[in-house]
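Student: According to full-length UniProt numbering, the sequence shown is numbered sequentially starting from 1.
Beta carbons: idealized from backbone N, C-alpha and C, even for Gly.
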Amino acid sequence: MREFWLMFASSEYYLPLDQLADPGTRYRPATVPPDWTATPLDCWLAWSAPDVRSVEQGWKIHVSSALPDAQTTLDVVAEICFEERVRFKHLAAEQFFLALHHKHGPRPQAGKFCALYPPDVETARHLMDRLVERRREAEAPHILTDRRYRDSTSVHYRYGGFSPRARLLSDGTRQSLLLDGTGQAIADERQPYFTLPPGVTDPFVTESGPDHQGSVVLAGRYRVEKAIRHSNAGGSYQAVDERSGRTVFVKEARAHNGLTWDGIEAQTRLRREHRTLVELHAADPGLAPEPIDYFRAWEHEFMVTEHVPGTPMVTWSGTYNRLIRPATTPEDRLAYVRRAHGVLTELRSIMDRLRAVGRRFGDLSPGNVLIDSDDAVRLVDFEATALLTDPEIQLGTEGFSPPRTLVAEGVDSDSYGFAALALLLLFPLQRLMEIDGAGRVELLTRDLGLDDVAASPADELWGAALRYYDTTTRTVSAAAATASGAAGEGIPALVAAARAHRPLPGPADLDERPIESLLALSEDLAAGILAMARPERDDWLFPPSPGGYRTNTVCVAYGTAGVLHALHHAGTTVPEEIRVRFRRDALAVRDELAPGLHVGTAGLSWVLAELGELDEARELIDHAQRHVLTRESINLEGGAAGVGLAQLALHRRTGDEKQLLAAADLGEWLCELDDPVGLLGRILPGLLRGRSGVALFLHQLAVETGEDRFRRAGLDLIHAELDGVVQTPNGDLSFEERAEMRRQLPYLGAGSAGVALVLGRYAADDERCRTMLPGIAADCAVSCAIDPGLYQGLAGGAYAWSEHADRAGAGREAARDTALRLATGLVKYVVRHRDGLRVLGGSVTRFTADLHSGSAGVLLALHRVVHGPADQFFTLDERRGGDMT
């Protein structure tokens with residue numbers, strides 16, 4: 001399930017779309033035979049009858065519809081399916097329709113309104129023939145995954161699975177399956193184009209479709225060079241005008257698709273945008289991209305404009321912002337502040353020009369502001385631009401559009417967006433400032449090192465940034481005070497009023513009394529985690545990040561196990577009701593889970609053992625050891641390394657040699673593999689999916705068994721990991737994700753923080769590890785990161801530096817100071833809620849409690865920094881003690 005689908009049912013938590021309180025108009029067939037029954041399936045309503053024939057896969061029919069015709073379309077489909085005795089499903093409500101067809105929704109789902117499941121080819125042909133006749137005049141969106149039937153615009157088909165058939169993967173996700181023409185199970189992939197399984201031919205066409213290989217020329221004139229982005233609304237492209245040789249920008253609008261929440265579809269918006277650009281070009285040439293052409297090709301409409309070179313502001317800031325880099329000088333920071341101030345000044349000039357011609361931009365967000373190599377600023381994407389005398393077009397971007405309370409007060413979207421962009425140039429805390437801004441500016445100023453930067457232009461940036469954010473001292477924000485969701489029934493009132501309303505520590509507290517401040521923060525954060533428990537829910541006990549919906553909500557990374565692990569190490573008493581619920585859930589879902597440490601049963605075993613449930617822990621670790629997936633992947637997240645590490649943990653707790661022998665058996669198997677990297681799965685350098693995590697297990701196994709061959713095998717892997725190191729502009733050593741874009745990875749889950757955690761264990765006996773460790777550790781020594789989380793944010797850096805400090809020798813005190821600085825930097829991400837302190841996880845837009853990106857991960861990192869060596873992040877440190885208090 002895409003994160004997009006999880007952000008509409010609640011402003012507090014990530015919830016499935018079907019939990020939306022008011023989904024709008026409900027769709028249901030006008031007339032239903034008495035023997036047919038409906039079953040809710042997420043956003044769908046599925047219909048069947050006892051005598052309806054069912055098969056597992058075949059030719060699936062999809063009927064698309066324009067939004068205004070949805071109920072009429074459903075009545076036609078339902079009537080035919082009832083008569084032909086064919087099961088079907090349809091979107092259950094208007095808001096679900098808008099979500100599937102939304103401009104930012106998942107492309108493989110767009111256009112689908114009704115799905116029919118005929119048992120054979122002839123039935124499918126008959127159904128489609130009837131549907132075509134009944135829907136001949138209908139206009140409807142094209143479904144990218146499907147092929148249209150005959151000349152219909154609304155009747156589509158594809159070959160796929162009808163009934164749930166899936167393969168569990170080692171990363172905890174499930175892959176949909178179907179059988180190809182030879183009977184082999186293959187992935188049932190929904191690509192944004194029509195595909196057929198090997199050995200399956202299309203019985204509904206007699207000739208193949210057009211060949212789209214090679215360059216595409218639109219309107220006989222515009223040769224497409226590359227796609228810039230794709231969406232449900234249509235693509236955007238860089239092209240060359242073959243008449244003039246000029247590079248141009250082409251924007252596409254698909255018919256009856258790419259909706260916004262007001263129901264306006266992409267072509268209506270594109271026509272409006274083109275009119276706007278024509279008028280602006282006449283009034284003030286250069287203010288907006290020059291309009292060149294507008295045409296229709298097939299069912300799509302296209303706008304051609306001047307190609308505006310430049311980098312989106314969000315990328316520009318992330319690239320050049322010296323405030324968030326480790327070990328930068330005051331001169332570096334001042335130089336960046338001056339550049340940022342110049343960019344903001346130029347943006348203000350453009351906004352003044354827009355106002356002078358009577359327009360508001362409407363969606364002043366970082367993707368719509370381009371900055372070129374000379375720091376010149378241009379605006380693009382004028383979809384939401386309107387006359388100042390007209391109502392605003394509500395297309396704004398979350399975090400850059402005024403909240404409803406400010407809209408009610410008459411705050412203009414451009415003015416608010418300008419303030420949000422000014423803050424972005426310093427650091428992107430928009431969502432946090434909207435929810436709870438009190439004291440956050442002082443914390444951010446401290447962590448950005450702006451105290452030693454000249455007052456102007458930094459003060460001007462702050463002045464612009466803070467115009468609409470409430471930074472006054474409050475105990476609980478207005479947003480938090482009105483947020484929904486009290487603690488679940490049966491949970492004790494663990495958050496006393498004094499604790500819930502205790503002020504966050506300020507810069508002086510963190511500088512002068514860091515340990516005391518972090519101890520108090522940890523106590524309040526733990527109470528806030530327990531206040532988020534919802535034992536009355538069946539799908540989760542603690543609110544997860546989106547990864548919990550992709551895998552499960554019981555595991556270490558995204559579920560109850562990780563939360564209880566953090567609370568256990570923080571010394572927090574967990575109510576018996578929660579412990580019982582976790583034990584029950586862990587045993588109930590064991591056969592449905594992968595075996596791994598972070599996403600499966602090995603991790604559940606580890607946490608059950610910590611809570612004293614040793615019999616259950618043994619049962620689950622044995623289950624993990626036997627699981628076929630244990631030897632299909634070797635990584636720490638979901639494969640053999642994680643299972644082996646959990647075996648060692650249980651051996652240490654119980655002294656049972658059975659667990660040590662099981663771990664050694666996995667270690668022997670790893671050492672004998674001809675190509676261990678081939679079993680890593682999708683390789684990301686670092687702890688969870690890289691060579692480093694496997695090297696960690698082999699090192700700990702060597703310590704437990706005394707067998708040096710395990711250490712040597714791990715050292716080979718860590719050296720291979722180091723072969724992928726890259727040098728950053730400031731001389732630190734980092735790692736990159738080599739995908740469609742090169743992304744630097746300083747994180748604990750993937751990247752330098754995770755590598756450093758393992759490297760420190762090998763550095764004592766290896767010169768290469770010892771030499772490279774300081775540069776790799778320095779890469780994650782940043783006190784400002786977009787995400788506060790443990791696996792891919794600032795908390796992971798703080799944790800890694802705390803580990804580094806324990807092995808730093810003569811540099812131990814300096815390393816501990818760095819760990820403390822990073823840990824105190826976490827305070828600016830903590831939100832005061834009426835039920836206690838919380839952290840925004842996932843994409844930093846909703847509250848999560850999980851270890852991966854939420855409150856539990858931050859709590860664990862704080863405890864590690866304050867209390868010193870222990871087994872918090874699922875390692876087996878042979879040393880104990882070292883409490884910093």
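Using only alpha-carbon positions, find the residue among Gly183, Gly760 and Gln175 that is nearest to residue 912.
Tutor: There is simply no residue 912 to check, as the chain begins at 1 and stops at 885 in what is shown.
Student: With the cut-off set at 8 Å, would you say lysine 103 and glycine 258 are in Cβ contact?
Tutor: In contact: lysine 103 and glycine 258 (Cβ atoms closer than 8 Å).
Student: Is the beta carbon of glycine 600 closer than 8 Å to that of glycine 172?
Tutor: Yes, the pair counts as a contact, with Cβ atoms nearer than the cut-off.
Student: Going by DSSP, what residues sit across from glycine 751 in a beta bridge?
Tutor: The partner list for glycine 751 (beta bridge, DSSP) reads Pro746.
Student: Which residues in the same chain as serine 524 place their Cβ atom closer than 7 Å to its Cβ, once the five residues preceding and following it in sequence are excluded?
Tutor: In the sequence under discussion, the amino acid at residue 524 is aspartate, which differs from the serine named in the question. Cβ neighbours of aspartate 524 beyond the five flanking positions: Arg499, Arg502, Gly836 and Leu837.
Student: Which parts of the region 73-159 are runs of the alpha helix (DSSP H), unbroken and 4 residues or longer, counting only runs that do not cross its ends?
Tutor: Listed in chain order, the complete alpha helix (DSSP H) runs (minimum 4 residues) inside the region 73-159 are 94-100 and 121-134.
Student: For my contact list, residue 903 and valine 357 are in at a C-beta cut-off of 8 Å; report their separation, rounded to the angstrom.
Tutor: Because the chain here runs from 1 to 885, residue 903 falls outside it and cannot be looked at.
Student: Using only CA atoms, which one of Ala609, Leu790 and Leu745 lies nearest to glutamine 659?
Tutor: Looking at the Cα atoms, Ala609 is the closest of the given residues.
Student: Would you identify the three-state DSSP class for valine 476, choosing helix, strand or coil?
Tutor: In this prediction, valine 476 has a pLDDT of 33, which is less than 50 and means its spatial position is unreliable; nothing more can be read from the coordinates.
Student: Please name the residue or residues paired with arginine 735 in a DSSP beta bridge.
Tutor: Looking at the sequence shown, residue 735 is not arginine but phenylalanine. Leu745.
Student: Are serine 413 and glycine 362 touching if we call contact CB-CB under 8 Å?
Tutor: A contact, by the Cβ cut-off of 8 Å.
Student: Mark asparagine 730 as exposed unless 16 or more other C-beta atoms lie within 10 angstroms of its C-beta, in which case mark it buried.
Tutor: So asparagine 730 ends up on the exposed side.
Student: Going by CA-CA distance only, name the one from Asn368, Glu409 and Arg359 that's closest to threonine 315.
Tutor: For the residues Asn368, Glu409 and Arg359, the minimum Cα distance to threonine 315 belongs to Asn368.
Student: From which residue to which residue does the alpha helix (DSSP H) around glycine 642 run?
Tutor: 640-654 is the span of the alpha helix (DSSP H), which, as asked, contains glycine 642.
Student: With 16 other CB atoms within 10 Å as the buried threshold, where does leucine 146 fall?
Tutor: Before going on, a small fix: residue 146 reads as aspartate here, not leucine. Classification for aspartate 146: buried.
Student: Closer than 7 Å by C-beta to glycine 199: which residues in its own chain qualify, once you throw out the five before and the five after it? Chain order, please.
Tutor: Hits under 7 Å: Asp180, Gly181 and Thr182.
Student: Which of the three DSSP states, helix, strand or coil, is assigned to glycine 161?
Tutor: Three-state DSSP puts glycine 161 in a strand.
Student: What does the alpha-carbon distance come out to for the pair leucine 636 and glutamate 56?
Tutor: Those two C-alpha atoms are separated by around 35 Å.
Student: Using a Cβ-Cβ cutoff of less than 7 Å, which residues in the same chain neighbour proline 788 once the five nearest sequence positions on both sides are dropped?
Tutor: Excluding positions up to five away in sequence, the list reads Leu794, Ala795, Leu826, Tyr829, Val839 and Val858.
Student: In chain order, what residues of the same chain lie with their CB nearer than 7 Å to the CB of leucine 6, ignoring the 5 residues before and after it?
Tutor: So the list reads Tyr14, Leu15, Pro16, Pro546 and Tyr549, once near-sequence residues are dropped.
Student: Indicate the three-state DSSP secondary structure (helix, strand or coil) for glutamate 489 in the structure shown.
Tutor: Any reading at glutamate 489 must be qualified, since the residue scores a pLDDT of 31, below 50, and its modelled position is unreliable; no value is offered.
Student: So, under 8 Å CB-CB, threonine 845 and glutamate 442 are touching, yes? Tell me the CB distance rounded to an integer number of Å.
Tutor: That pair is no contact at about 24 Å.
Student: In three-state terms, what does DSSP make of arginine 229?
Tutor: Arginine 229 falls in the strand class under three-state DSSP.
Student: Would you check if the region 507-516 and the region 800-810 touch, i.e. whether three or more CB-CB distances between them fall below 8 Å?
Tutor: No, the region 800-810 does not touch the region 507-516.
Student: Chain D beta carbons: is any one of them nearer than 8 Å to that of leucine 127?
Tutor: Looking at the structure shown, chain D is missing, and only one protein chain is on hand.
Student: Which of the three DSSP states is assigned to methionine 1 in this structure?
Tutor: At methionine 1 the pLDDT is 45, less than 50, meaning the model places this residue with poor confidence; the figure from the coordinates comes in the next sentence. Three-state DSSP puts methionine 1 in coil, outside helix and strand.
Student: Just verifying my parser: in three-state terms, what is the DSSP assignment at valine 589?
Tutor: Here valine 589 sits in coil by DSSP.
Student: From proline 118 to tryptophan 44, what distance separates their C-alpha atoms?
Tutor: Between proline 118 and tryptophan 44, the C-alpha separation is close to 18 Å.
Student: Is the beta carbon of glutamine 267 less than 8 Å from the beta carbon of phenylalanine 249?
Tutor: Their beta carbons are not under 8 Å apart, which means glutamine 267 does not touch phenylalanine 249 by this criterion.
Student: Exposed or buried, which one is alanine 166 when buried takes at least 16 other CB atoms within 10 Å?
Tutor: Under this definition alanine 166 is an exposed residue.
Student: If you draw a straight line from the C-alpha of glutamate 707 to the C-alpha of leucine 701, how long is it?
Tutor: Their Cα atoms are separated by approximately 8 Å.
Student: DSSP three-state call for arginine 296: helix, strand or coil?
Tutor: Reduced to three states, the DSSP call for arginine 296 is strand.
Student: Give the DSSP bridge partners of alanine 252, in chain order.
Tutor: The sequence as given places glutamate at residue 252; alanine does not occur at that position. Its beta-bridge partners are Phe302.
Student: Please classify glutamate 383 as buried or exposed, where buried requires at least 16 other C-beta atoms within 10 Å of its C-beta.
Tutor: Buried: at least 16 other Cβ atoms inside 10 Å.
Student: For tyrosine 237, does the three-state DSSP call read helix, strand or coil?
Tutor: Three-state result, tyrosine 237: strand.
Student: State the Cα-Cα distance for the pair serine 64 and proline 108, rounded to the nearest angstrom.
Tutor: Each residue's alpha carbon lies about 13 Å from the other.
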